[in-house]
Each structure stands twice: as structure tokens, then as C-alpha cells.
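Quick note on numbering that gives the first Met the number 0: the sequence shown kicks off at 0 and runs consecutively.
For each residue, glycine too, the CB sits at the ideal point set by N, CA and C.
These numbers come from a predicted model, not from an experiment.
Reviewing the structure listed below.
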Amino acid sequence: MSSDLSYSRARPSTNTSVKHIGFLLLDNFTLISLASAIEPLRMANQLSGKELYQWYTLSLGGRVVQASDGLSVTPDASTHEALPLDMVIVCGGIAPQRSASKEHLQWLQLQARQHRQLGAICTGSWVLAMAGLLDHYEASIHWECIASMHEAYPRVELSSRLFSIDRDRLTSSGGTAPLDMMLTLIARDHGKDLSAGISDMFIYDRVRGEQDQQRVPLKHVLGSNQPKLLEIVALMESNLEELLTLDELASYVDLSRRQLERLFQKYLDCSPSRYYLKLRLIRARQLLKQSGLSIIEVASACGFASTPHFSKCYREYFGIPPREERQGMHSKATASEEVLLAPKMTLTLPPMPNEGIKDRVSSAIKALAQARDEPTFASIALH
Numbered sequence: 000m001s002s003d004l005s006y007s008r009a010r011p012s013t014n015t016s017v018k019h020i021g022f023l024l025l026d027n028f029t030l031i032s033l034a035s036a037i038e039p040l041r042m043a044n045q046l047s048g049k050e051l052y053q054w055y056t057l058s059l060g061g062r063v064v065q066a067s068d069g070l071s072v073t074p075d076a077s078t079h080e081a082l083p084l085d086m087v088i089v090c091g092g093i094a095p096q097r098s099a100s101k102e103h104l105q106w107l108q109l110q111a112r113q114h115r116q117l118g119a120i121c122t123g124s125w126v127l128a129m130a131g132l133l134d135h136y137e138a139s140i141h142w143e144c145i146a147s148m149h150e151a152y153p154r155v156e157l158s159s160r161l162f163s164i165d166r167d168r169l170t171s172s173g174g175t176a177p178l179d180m181m182l183t184l185i186a187r188d189h190g191k192d193l194s195a196g197i198s199d200m201f202i203y204d205r206v207r208g209e210q211d212q213q214r215v216p217l218k219h220v221l222g223s224n225q226p227k228l229l230e231i232v233a234l235m236e237s238n239l240e241e242l243l244t245l246d247e248l249a250s251y252v253d254l255s256r257r258q259l260e261r262l263f264q265k266y267l268d269c270s271p272s273r274y275y276l277k278l279r280l281i282r283a284r285q286l287l288k289q290s291g292l293s294i295i296e297v298a299s300a301c302g303f304a305s306t307p308h309f310s311k312c313y314r315e316y317f318g319i320p321p322r323e324e325r326q327g328m329h330s331k332a333t334a335s336e337e338v339l340l341a342p343k344m345t346l347t348l349p350p351m352p353n354e355g356i357k358d359r360v361s362s363a364i365k366a367l368a369q370a371r372d373e374p375t376f377a378s379i380a381l382h
């Protein structure tokens, strides 16, 4: 390949494994969420030494779009251009209901009729719901919007998970959660070794899965009208190893045990004991994934008197025993070690035309060409 960084025309690749993804930018979209979604695709190409993904940023008319931090982004293409897209992801941010126009919604409905996968990051799920494209789908959105979106679109099965993949819909909450969603997608498309290698390159110690929940501040759920309930939950969170009894919790906030139970049932839809158990199990999962503590030590640190009881509760809540959770982390580490030992590969790209190219093209081609001299280039052999 010549030293010039040339581009291929924007047409479907002869390699049927290439996935083309369009990112629809709305005004005031969140830049960190966009980067979290695109960077794993770039690194998948770099580590495999192959053009696995192409991506395009899009806007109505190809106009410049301003992110929520004030930075302006010039899209790769307009929504009016014919691009070989397999998936479209809506990039939301501040006030998505005001950022999305009728033309946005009509274009997204057209993508659905053309059987393209649809996705959203940050508050982009709100726009898919506005277009009627999330009815009877499980969907995730940034926790700030969960309550209001539930009221506005009751047919959407809203989840507090970091991200949701339901049939041909992929939706993610904000911040770095799109990184986890895309790593999961890459693992499904090309295997866990590649996903593990990407997370290592990004110094991303733990890839969060579909079962991981957003940490929704309880104040956001309850408002400021239930200070005693907030105080009780804070006491629970501070006493996960040496458990407090329900009578002790009630007495700390000058309530009867019966009043305590009614508060939890009314506002959190569960018993105090069940909520306390949930907090302990979530903490246990963090320790299993992020520490070297043994399962016995994790059980003790989370207030369980015996390992069998801990394992039973953990399996019932997460659908997997703690031992398998820990083994999953070991297998990821093994995969990462294999990445470092994988033989280097060479990349041969077809000759690029020199004439002026009118068609819009994916910036993935340039990124892949620039990565040629990186030591990790083509370091992972795909099976």
C-alpha cells in the first residue's frame, strides 16, 4: 500500500463480514458517549488488522452539529446520502425531545423499514421511542430520563441496566456504558479474544455485561420527600459486613418496624430485607470481579454466614454461581495473555483510486491505514 492515506469508495465491501454503522448526531449530543461507542470499533480493526467495521457520523443535511460540551463536529455524511448501513445508532444528550425533528423521526422510521438494526446511546433511546421504534422492546437510557420516559412512553420496557440488547435494538445509557455495549457486540461478532484485547488496550479492567445496572441515585428515585428512607438505605450501605437488624434500622430513624416495611413496599416495591440482600449481592459481585479475595472472604465481607448460602443467593439473583463469575474473569485474563503472544499478521489492502472521490466514505479506512505501524497491529488472529 502506498504511503498516501487514501480512501475507498462508500460502497458495500466485498468482505461480507464488514459491518457498516451510522451514528446520527443530535444537537447537544454527549461526546464521551460517542467516543465510547466508536473507539472499540477502531481498535477492533487495528488488533485484527482487518476492516471489520466502518462507521460514519451523520446529520440532517450534513450540517455541523454541536456537542453538549460546546465542541462542533463536522459529520462524514448527510442522512440524505445512500450509505451501505447495517446499523444506525442515535447519539443523544441534553433535551433529546427538543433536538429531534420530524425529519429525524421519519428518517429513523425509514431505516427500520429497510430492516437495519437500530441503536441509541445516552438519551438517544428517547428519540427512538418518539419514532415508535421501541414499543415492546427492552431499552436502556440514562438514569435521569427513566422516570419521565416511562410516563411518556409506557409501551417501552425500560430497564435500569447499563445497556440492553433486545433482538434488533441496542440501547445504552450514557458516559462510558456504550463502550461495554460495543465490546459485547464485538465479542458476539468476532469472539471474546478480540473483545478482551480491546479492553486491555483501553486499560479497561472490567467489561460490564448486560446484567450490570446503572447506579441510580436513590434521591433521584424518591426525591427529597422521604428523608428517613434515604437515611435507612445509607445505613444499610454502610453496614454490609456487620448487618443491622430491621428493628435496629427502624429505631435509628424513630420508626416502628411495621412503618419501615410499609415505606420500602410503597417506594421501592420490596421488603427491607430483600433490598438489603440486593445491596450485599451487588457489593459481592464488585469484589468478585475487581479483587483477589476468595469466595469465602467475599461472602464474609458481604454479611453471609456460610458460603453455600451465599452461592445460593448469588445464583438466584444473577443467574450464575459466584465460582463461575470468578472463572469468567480468569478466562478473560488468559485470553489477554494469548493476545500478547499471538503471531503478527500483515495487511494487504486493495489499491486505492487516485481520482477525486465524490462519494462519502468511512473514516475507518484512514484509521486502519494509520494503525499500520502500531506494535499491536494485527496482533489478534480471528478464528
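Collapsed DSSP secondary structure at residue i in the structure displayed
i      : result
Ser172 : coil
Ala304 : coil
Asp165 : strand
Ile319 : coil
Gln225 : coil
Arg160 : strand
Ile379 : coil
Tyr313 : helix
Gly60  : helix
Ser77  : strand
Ser71  : strand
Lys18  : strand
Ser47  : helix
Ser139 : strand
Gln210 : coil
Leu24  : strand
Thr333 : Because the pLDDT at Thr333 is just 42, under 50, the model does not fix this residue reliably, and the point stays unresolved.
Glu373 : coil
Tyr55  : strand
Within 9 Å, strictly: CB atoms of residue i and residue j
i      : j      : result
Gln53  : Ile379 : no
Arg207 : Leu278 : no
Met148 : Ala176 : no
Ala298 : Leu239 : no
Gly302 : Glu241 : yes
Gln213 : Tyr266 : no
Leu184 : Val89  : no
Tyr203 : Leu182 : yes
Tyr313 : Leu280 : yes
Ser47  : Leu381 : yes
Glu209 : Ile164 : yes
Ala66  : Thr29  : yes
Leu51  : Ser100 : no
Leu25  : His79  : no
Leu254 : Met235 : no
Leu287 : Glu315 : no
Ile31  : Gly173 : yes
Outcome for residue i when other beta-carbon atoms lying within 10 angstroms are tallied against a minimum of 16
i      : result
Ser198 : buried
Thr244 : exposed
Gly318 : exposed
Lys311 : exposed
Asp179 : buried
Gly21  : buried
His114 : exposed
Tyr136 : buried
His19  : buried
Tyr55  : buried
Ala283 : buried
Gly69  : exposed
Pro321 : buried
Asp192 : buried
Leu109 : exposed
Ala233 : exposed
Ala304 : exposed
Three-pair Cβ contact test at 8 Å for the segment 117-125 versus the segment 161-177 | yes
Between the segment 179-197 and the segment 151-160, are three or more C-beta pairs nearer than 8 Å?
-> no
Please list the segments of the alpha helix (DSSP H) lying wholly inside the segment 85-136, counting only runs of 4 or more residues, in order along the chain.
-> 95-98, 101-112, 123-129
Which runs of the alpha helix (DSSP H), 4 residues or longer, sit entirely within the segment 240-276?
-> 245-251, 256-267
With a cut-off of 8 Å, do at least 3 Cβ pairs link the segment 37-52 to the segment 60-71?
-> no
Any 3 or more C-beta pairs closer than 8 Å across the segment 287-298 and the segment 249-264 | Result no; under three Cβ-Cβ pairs closer than 8 Å.
Would the segment 130-138 and the segment 30-40 be scored as touching if the rule is three or more Cβ pairs under 8 Å?
-> The segment 130-138, when compared against the segment 30-40, does not touch it at the 8 Å Cβ threshold.
Examine the Cβ distances between the segment 77-85 and the segment 24-39 and report whether three or more of them are shorter than 8 Å.
-> no
Is the segment 72-82 close to the segment 94-101, with three or more CB pairs under 8 Å?
-> no
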